[in-house]
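In what follows, a single structure is set out as structure tokens and then discussed.
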Amino acid sequence: MGIAEAEFEAVGEIENGASDRLRQLNDEIAGAIDRAHQALVQITNGERSIGAGTIWHSEGLILTNAHVVRDETPNVTLNDGRSFPARVLYYNAELDLAALSIEASGLPTIEPGDSKHLKPGQWVMALGHPWGVRNAVSGGIVIGMGAEMPDIPFSSREWVVVSLHMRPGHSGGPLIDTTGRLIGINTMISGPDVGVAVPVHVVKKFLKDSMA
Amino acid sequence: MTVLNELSNAMAAAVENVGASLVRVEGRKRMSATGVVWNSDGVIVTASHVVTRDEELHIGLPNGETVSASLVGRDPTTDVAVLRSNAKNLSVPNWASGEGLKVGHLVLALGRPGQNVLATLGVVSSIAEEWHTPAGGKIDYYLQTDVTMYPGFSGGPLVGVGGEIYGINSSTLLRGVSVTIPTTTIAPIVEALLKHGKLRRGYLGVGSQPVRLPAALEQQLGQETGLLLVAVEPDSPAEKGGLMLGDVIVALDGHPVRVPDELLAGLTGDKVGKDAKIKLVRGGQIHEVNVTVGERQ
Numbered sequence: 182m183g184i185a186e187a188e189f190e191a192v193g194e195i196e197n198g199a200s201d202r203l204r205q206l207n208d209e210i211a212g213a214i215d216r217a218h219q220a221l222v223q224i225t226n227g228e229r230s231i232g233a234g235t236i237w238h239s240e241g242l243i244l245t246n247a248h249v250v251r252d253e254t255p256n257v258t259l260n261d262g263r264s265f266p267a268r269v270l271y272y273n274a275e276l277d278l279a280a281l282s283i284e285a286s287g288l289p290t291i292e293p294g295d296s297k298h299l300k301p302g303q304w305v306m307a308l309g310h311p312w313g314v315r316n317a318v319s320g321g322i323v324i325g326m327g328a329e330m331p332d333i334p335f336s337s338r339e340w341v342v343v344s345l346h347m348r349p350g351h352s353g354g355p356l357i358d359t360t361g362r363l364i365g366i367n368t369m370i371s372g373p374d375v376g377v378a379v380p381v382h383v384v385k386k387f388l389k390d391s392m393a
Numbered sequence: 016m017t018v019l020n021e022l023s024n025a026m027a028a029a030v031e032n033v034g035a036s037l038v039r040v041e042g043r044k045r046m047s048a049t050g051v052v053w054n055s056d057g058v059i060v061t062a063s064h065v066v067t068r069d070e071e072l073h074i075g076l077p078n079g080e081t082v083s084a085s086l087v088g089r090d091p092t093t094d095v096a097v098l099r100s101n102a103k104n105l106s107v108p109n110w111a112s113g114e115g116l117k118v119g120h121l122v123l124a125l126g127r128p129g130q131n132v133l134a135t136l137g138v139v140s141s142i143a144e145e146w147h148t149p150a151g152g153k154i155d156y157y158l159q160t161d162v163t164m165y166p167g168f169s170g171g172p173l174v175g176v177g178g179e180i181y182g183i184n185s186s187t188l189l190r191g192v193s194v195t196i197p198t199t200t201i202a203p204i205v206e207a208l209l210k211h212g213k214l215r216r217g218y219l220g221v222g223s224q225p226v227r228l229p230a231a232l233e234q235q236l237g238q239e240t241g242l243l244l245v246a247v248e249p250d251s252p253a254e255k256g257g258l259m260l261g262d263v264i265v266a267l268d269g270h271p272v273r274v275p276d277e278l279l280a281g282l283t284g285d286k287v288g289k290d291a292k293i294k295l296v297r298g299g300q301i302h303e304v305n306v307t308v309g310e311r312q
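Just so you know, the protein sequences line up as chains A and B, in that order.
Just so we're on the same page, this note's numbering is the position in the first sequence counted from 1, plus 181.
Just so we're on the same page, this note's numbering is the position in the second sequence counted from 1, plus 15.
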């Protein structure tokens, strides 16, 4: 084997190693999304899609935004295609959260993650039905979080602010981290390429306070 | 650990590390913007357009303190401003030349318009040769990314995944695209501003407007327009060099001059006090004259 040939092979090896890692990265992203999709639901009123929802508890507890179900008679369509009429259990317009209940059990859920220690720069993904496109995903990073975000409305509240395409129809869907854990409920758009989510620790508090 | 997790953690770590070198710059009425620590003497680099006033400047430090700062100088042509503060123990980041940076590389844009560091992710969209900004500033190389420039991100750094800073981002140098002023362009500007408080610029003392050249000359010179002199200041370098009203400048030191920006861009600080070769059209004939370039005050 000549020297030139040997060098050529060595370079090829490095490139294969890198593209293997890129492929692995793609597989990991797809895997995390695949699991999270099971817990993503569509909320409709009649034929009309009004937003997304996230299964919180396997016995039929669904989380979404208050603005999604306001003045609506919601129906919940699961990822497996089954559809159920839903009852609004808890509703808090200020937090923009609502909990729905459906007559179903054994539903897949997403393990809640740690939304109190999110870092700017870390990778996140938002699931939902933007403009009615079912089970769509967009990826990006955390811009920042907390209550003092410049240029974000209602800035006295706690938010996760993310740099990704969030659109109408993402509302109520899950925001997940690299391990596929739930870190927030997608809630609104604030300017181009800025998505805002309610952190999962706020969701927990909302449920605890509502139940008490 | 998964590749995705590793990548995510590396990006968050880069944000945290570089964040220690980012300050909030309060220098305009509207929202604050971002600056980056240049050296341990409290020198801060930011974008010129976010510092609209020359006094009453403040910077917000990573530890939450706000301290006053003074304007060392600015270069609006490259959108670079240099501030100085009394803040001690600022963390100096790794300013990198951009060598090895390629189209497609992941990059982060950071900002500190409020108290916290904010981040966004993108890829390098284009790397190309030296260019001149519309205001006539010379930029070592063209660096465009697809990062979203959120309000207050101007003056903030473009950061590689290893935490190195390739330059500062400006949302106003070119409309509609995110361009970065490279470290290699910033360094000599900062040096000059610290030394003289301003950048030396060449000066001729002419007023001009672009005019279409006659067809024959257009073909001969290979350019459609030149600069018609509509004013020549008395006692200016231009007058002393023999330039006259009605002359049409077509080249400076061998570089074509078609619009006023090209003349401005050609009159760099290093030409001050030296002879520049000016090619012009006078009475339909091409002439060449030497003008000793003065300094713009």
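All C-beta atoms in this analysis are idealised placements derived from N, C-alpha and C, irrespective of residue type, glycine included.
Just so it is clear, the structure is predicted and the values come from calculations on it, not from any experiment.
Handout entry: According to DSSP, residues forming a beta bridge with B:D290
Key = Here residue 290 of chain B is taken as the residue at index 275 of the second sequence, counted from 1. Looking at the DSSP output, B:D290 bridges to B:T307.
Exercise for the section: Measure the C-alpha to C-alpha separation of B:N131 and A:H218 and round it to an integer number of angstroms. Expected result: For this step, residue 131 of chain B is matched to residue 116 along the second sequence. For this step, residue 218 of chain A is matched to residue 37 along the first sequence. A direct Cα-to-Cα measurement between B:N131 and A:H218 gives close to 33 Å.
Exercise for the section: Please specify which runs of the beta strand (DSSP E), each continuous and at least 3 residues long, are wholly inside the segment 189 to 262 of chain A, giving them in chain order. Expected result: Qualifying beta strand (DSSP E) stretches, in chain order: 221 to 226, 229 to 238, 242 to 245, 256 to 258.
Practice task
Name the residue from B:V139, B:R99, B:K103 whose alpha carbon lies nearest to the alpha carbon of B:G115.
Solution key: On the second sequence, residue 115 of chain B is found 100 positions in, with the first residue counted as 1. If you compare the alpha carbons of B:V139, B:R99, B:K103 with that of B:G115, the shortest gap goes to B:V139.
Practice task
Compare the C-beta of A:V381 against all C-beta atoms of chain B and say whether one is closer than 8 Å.
Solution key: On the first sequence, position 200 is the one that residue 381 of chain A refers to. Not an interface residue.
Practice task
Assess, as a yes-or-no matter, whether the segment 274 to 285 of chain B is touched by the segment 204 to 218 of chain B under the definition of 3 or more beta carbon pairs within less than 8 Å.
Solution key: Yes, they touch.
Problem - C-alpha gap between B:D94 and B:L243, whole angstroms - result: In the second sequence, residue 94 of chain B corresponds to position 79, counting from 1. In the second sequence, residue 243 of chain B corresponds to position 228, counting from 1. Rounded to whole angstroms, B:D94 to B:L243 spans 29 Å at the Cα level.
Handout entry: Contacts of B:L121 in chain A (Cβ-Cβ under 9 Å)
Key = Your numbering for residue 121 of chain B matches position 106 in the second sequence. None at all; the shortest Cβ gap to chain A is about 10 Å.
Problem - Stretch-stretch touch, CB-based, cutoff 8 Å, three pairs: the segment 69 to 89 of chain B with the segment 150 to 160 of chain B - result: Because the criterion of three Cβ pairs below 8 Å is not met, the segment 69 to 89 of chain B and the segment 150 to 160 of chain B do not touch.
Handout entry: Meets three-Cβ-pair contact criterion under 8 Å: the segment 286 to 301 of chain B and the segment 252 to 266 of chain B
Key = Short answer: they touch.
Exercise for the section: Tell me whether B:V118 is buried or exposed, calling it buried when 16 or more other Cβ atoms sit within 10 Å of its Cβ. Expected result: The count along the second sequence starts at 1 and reaches residue 118 of chain B at position 103. Exposed, because fewer than 16 other Cβ atoms sit within 10 Å of the Cβ of B:V118.
Practice task
Would you tell me roughly how many angstroms separate the C-alpha atoms of A:G372 and B:W53, rounded to the nearest one?
Solution key: On the first sequence, residue 372 of chain A is found 191 positions in, with the first residue counted as 1. On the second sequence, residue 53 of chain B is found 38 positions in, with the first residue counted as 1. Whole-angstrom Cα-Cα distance: 32 Å.
Problem - Burial state of A:W312, where buried means 16 or more other Cβ atoms lie within 10 Å - result: Locating residue 312 of chain A in the first sequence gives position 131, counting from the first residue. Classification of A:W312: exposed, given that the 10 Å Cβ count is below 16.
Handout entry: B:S223 classed as buried or exposed, judged by whether at least 16 other C-beta atoms fall within 10 angstroms
Key = Within the second sequence, residue 223 of chain B is the residue found at index 208, counting from 1. Buried: at least 16 other Cβ atoms inside 10 Å.
Handout entry: Rounded C-alpha distance that separates A:G183 from B:V33
Key = If you number the first sequence from 1, residue 183 of chain A lands on position 2. If you number the second sequence from 1, residue 33 of chain B lands on position 18. Only weak support exists for where A:G183 lies, its pLDDT of 43 falling under 50; the coordinates are left without a value.
Problem - Reference B:N184, options B:V107, B:T198, B:S112, closest by Cα - result: Here residue 184 of chain B refers to the residue found at position 169 when the second sequence is read from its first residue. Nearest C-alpha to B:N184: B:T198.
Problem - A:K386 (DSSP reduced to helix, strand or coil) - result: Residue 386 of chain A sits at position 205 when you count from the first residue of the first sequence. When secondary structure is reduced to three states using DSSP, A:K386 falls in the helix class.
Practice task
From the DSSP output, read off the bridge partner residues of A:M347.
Solution key: Here residue 347 of chain A refers to the residue found at position 166 of the first sequence. By DSSP's assignment, A:M347 forms no beta bridge with any residue.
Exercise for the section: Measuring only between beta-carbons, confirm whether B:S23 sits less than 8 Å from chain A. Expected result: Your numbering for residue 23 of chain B matches position 8 in the second sequence. With 8 Å as the cut-off, B:S23 counts as an interface residue toward chain A.
Exercise for the section: Decide if A:F189 is buried, meaning its Cβ has at least 16 other Cβ atoms within 10 Å, or exposed. Expected result: Translated into positions along the first sequence, residue 189 of chain A becomes position 8. Per-residue confidence for A:F189 stands at a pLDDT of 47, beneath the threshold of 50, marking its modelled position as unreliable; the derived number appears in the next sentence. A:F189 should be labelled exposed.
Exercise for the section: Starting from B:E41, follow its DSSP beta bridges and name the residues at the other end. Expected result: Within the second sequence, the letter at position 26 stands for residue 41 of chain B. Checking the DSSP bridge columns, you'll see B:E41 partnered with B:H73.
Practice task
Anything in the segment 272 to 305 of chain A with a Cβ closer than 7 Å to a Cβ of chain B? List those residues in chain order, please.
Solution key: Cβ contacts with chain B: K300, P301, G302, Q303, W304.
Handout entry: A:T254 classed as buried or exposed, judged by whether at least 16 other C-beta atoms fall within 10 angstroms
Key = Taking the first residue of the first sequence as position 1, residue 254 of chain A is located at position 73. A:T254 is exposed by the Cβ-count criterion.
Exercise for the section: Please indicate yes or no: does the CB of A:T245 lie closer than 7 Å to some heavy atom of the ligand NAD? Expected result: The ligand NAD is absent from the structure shown, which contains no ligand whatsoever.
Problem - Interface partners of B:E80 on chain A, CB under 7 Å - result: Within the second sequence, numbered from 1, the residue matching residue 80 of chain B stands at position 65. Near B:E80 there are no residues of chain A at all, since even the closest Cβ is about 16 Å away, more than 7 Å.
Problem - With 16 other Cβ atoms within 10 Å as the buried cut-off, status of B:R89 - result: Sequence index remark: in the second sequence, residue 89 of chain B carries index 74 (1-based). Classification of B:R89: buried, given that the 10 Å Cβ count is 16 or more.
Handout entry: Contact residues within the segment 200 to 229 of chain A, judged by C-beta distance below 7 Å to chain B
Key = Residues R202, Q205, L206, E209, I210.
Exercise for the section: Can you check DSSP and say which residues form a bridge with B:L173? Expected result: Within the second sequence, the letter at position 158 stands for residue 173 of chain B. DSSP output for B:L173 lists B:A124, B:G182 as bridge partner(s).
Practice task
Within its chain, find whatever has a CB closer than 6 Å to the CB of A:T290; leave out the 5 residues flanking it on each side and keep chain order.
Solution key: By 1-based counting over the first sequence, the position of residue 290 of chain A is 109. The answer, listed in chain order, is A220, I236, S239.
Problem - Pick from B:E31, B:S100, B:I59 that is closest to B:V82, judged by C-alpha positions - result: Sequence index remark: in the second sequence, residue 82 of chain B carries index 67 (1-based). Residue B:S100 is the option with its Cα nearest to B:V82.
Exercise for the section: Could you confirm whether any beta carbon from chain A is found closer than 8 Å to the beta carbon of B:T17? Expected result: For this step, residue 17 of chain B is matched to residue 2 along the second sequence. Yes, its Cβ sits closer than 8 Å to a Cβ of chain A.
Handout entry: B:M46 (DSSP reduced to helix, strand or coil)
Key = Here residue 46 of chain B corresponds to residue number 31 of the second sequence, with the count starting at 1. Coil, per DSSP.
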